[in-house]
Amino acid sequence: EAQVTQNPRYLITVTGKKLTVTCSQNMNHEYMSWYRQDPGLGLRQIYYSMNVEVTDKGDVPEGYKVSRKEKRNFPLILESPSPNQTSLYFCASSRDQLGQVGGYTFGSGTRLTVV
Amino acid sequence: KNEVEQSPQNLTAQEGEFITINCSYSVGISALHWLQQHPGGGIVSLFMLSSGKKKHGRLIATINIQEKHSSLHITASHPRDSAVYICAVAGNQFYFGTGTSLTVIP
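Heads up: the protein sequence lines correspond to chains U and W, in order. Per the working numbering, the very first residue in the first sequence carries number 481; after that it's consecutive. Per the working numbering, the very first residue in the second sequence carries number 17; after that it's consecutive.
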């Protein structure tokens, strides 16, 4: 089954403790991206990647890092999480940046709470 | 300043009604997407539009590039259509609307 797998689904952590949210896709998609969703603000793009070793900042990259060492994986790293990073996070992938072929496939989301 | 505005924010309809959700944007775009977010939180891509109109089952999406406006129509609405519908535009950057929460009552 074609899918984007995010882990974990839920995570509660403490301020400053480094964490990684994993994202993996099995569709050989070139484009992958991370979003956060907050009430009243909607979805906002954090980082995206056009291909292996190619990453770029989205709308709200501060406090986050990403890497794209392999085509299928695009982990989101919070080096020193803070409470304002408490949010619902989504990973998505598509064949191209604009999603013109087949749209975007989203992961199930990761609900992160930083206390 | 919101680059993407959706209306209405909330919508309640009786089963069988025709539904329209609107999206207006203020930036230049290459593509516009309609997404559906289920009550459990999962997001599904419904349509990608760069011009004209697309239809998939009971869903119809239209876009008017000159007016910077798109509409999502649902014909013969059903309770399983209850979800949040999100408009997203792709240009130099991605911008998302805050969503329209639809509830369809049996």
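Glycine included, every Cβ here is placed at the ideal spot set by N, Cα and C.
**Asked** For Ser567 of chain U, which residues from the same chain have a beta carbon less than 7 Å from its beta carbon, with the 5 sequence-adjacent residues on both sides left out?
**Response** Arg516, Gln517, Asp518, Leu592
**beta strand (DSSP E) segments (min. 3 residues) lying fully within the stretch 38–94 of chain W** = 47–53, 59–65, 68–72, 75–80, 85–90
**Prompt:** Does Ile76 of chain W get closer than 7 Å to chain U when you measure Cβ to Cβ?
**Reply:** no
**Asked** Could you check where the beta strand (DSSP E) with Tyr511 of chain U kicks off and where it finishes?
**Response** Tyr511 of chain U -> beta strand (DSSP E) spans 511–518.
**Message:** Does the structure place the stretch 23–35 of chain W close enough to the stretch 542–562 of chain U that three or more beta carbon pairs sit under 8 Å?
**Reply:** Taking one beta carbon from each stretch, the stretch 542–562 of chain U and the stretch 23–35 of chain W have fewer than 3 pairs nearer than 8 Å; the two do not touch.
**Prompt:** Taking 7 Å as the CB-CB cut-off, is Gln580 of chain U touching chain W?
**Reply:** yes
**Asked** Considering only C-alpha positions, which residue in the set W:Ser86, W:Leu88, W:Val105, W:Gly68 is nearest to Gly44 of chain W?
**Response** It is W:Val105 whose Cα lies nearest to the Cα of Gly44 of chain W.
**Prompt:** Since Glu559 of chain U sits in a beta bridge, which residues does DSSP pair it with?
**Reply:** Looking at the DSSP assignment, Glu559 of chain U forms no beta bridge with any residue, so it has no partner.
**Request:** Check the Cβ of Tyr569 of chain U against every Cβ in chain W and list those closer than 9 Å, keeping chain order.
**Result:** Residues of chain W passing the Cβ test: none, with the nearest at roughly 11 Å.
**Prompt:** With DSSP run on the structure shown, which of helix, strand or coil describes Arg591 of chain U?
**Reply:** Look at Arg591 of chain U here: in three-state DSSP terms it is strand.
**Item:** Straight-line gap, Tyr513 of chain U to Val540 of chain U (C-alpha atoms, nearest Å)
**Value:** The question names Tyr, yet the displayed sequence has Ser at residue 513 of chain U. When the Cα atoms are used, Ser513 of chain U and Val540 of chain U turn out to be separated by approximately 12 Å.
**Asked** What does Thr114 of chain W reach in chain U if we use C-beta pairs closer than 8 Å?
**Response** Gly520, Leu521, Gly522
**Asked** Do you know offhand how far Tyr490 of chain U's Cα is from Val595 of chain U's?
**Response** 14 Å
**Prompt:** When burial is assigned at 16 or more other CB atoms within 10 Å of the CB, is Phe34 of chain W buried or exposed?
**Reply:** exposed
**Prompt:** Given 8 Å as the limit, is there contact between the stretch 494–506 of chain U and the stretch 530–539 of chain U, that is, 3 or more CB pairs closer than that?
**Reply:** No, the stretch 494–506 of chain U is not in contact with the stretch 530–539 of chain U.
**Request:** Might you give, ordered along the chain, the residues of its own chain that have their beta carbon closer than 6 Å to the beta carbon of Ile557 of chain U, omitting 5 neighbours on each side?
**Result:** Within its own chain, the residues whose Cβ lies closer than 6 Å to the Cβ of Ile557 of chain U, once the five positions on either side in sequence are excluded, are Thr500, Lys545, listed in chain order.
**Item:** Chain-order list of residues whose beta-carbon lies under 6 Å from that of Ile76 of chain W (same chain, five-residue window excluded)
**Value:** His89
**Request:** Answer yes or no: does any C-beta atom of chain U fall closer than 7 Å to that of Ile90 of chain W?
**Result:** no
**Message:** Output needed for Gly107 of chain W: all residues of its chain with C-beta closer than 7 Å, excluding positions within five of it in sequence on either side, in chain order.
**Reply:** Excluding residues within five positions, the ones whose Cβ falls inside 7 Å are Val43, Gly44, Ile45, Ser46.
**Message:** Which residues of the stretch 46–69 of chain W have a Cβ closer than 9 Å to any Cβ of chain U? Give them in chain order.
**Reply:** Residues passing the 9 Å Cβ filter: Ser46, Ala47, His49, Leu51, Gln53, Gly56, Gly57, Gly58, Ile59, Val60, Ser61, Leu62, Phe63, Met64, Ser66.
**Message:** Quick check on Ala106 of chain W - is its C-beta less than 7 Å from some C-beta in chain U?
**Reply:** yes
**Request:** Just tell me which of W:Thr36, W:Lys69, W:Tyr41, W:Leu62 has its CA closest to the CA of Thr585 of chain U.
**Result:** Of W:Thr36, W:Lys69, W:Tyr41, W:Leu62, the residue nearest in Cα terms is W:Leu62.
**Request:** In the DSSP assignment, find the beta strand (DSSP E) that holds Ser23 of chain W and state where it starts and stops.
**Result:** 20–23
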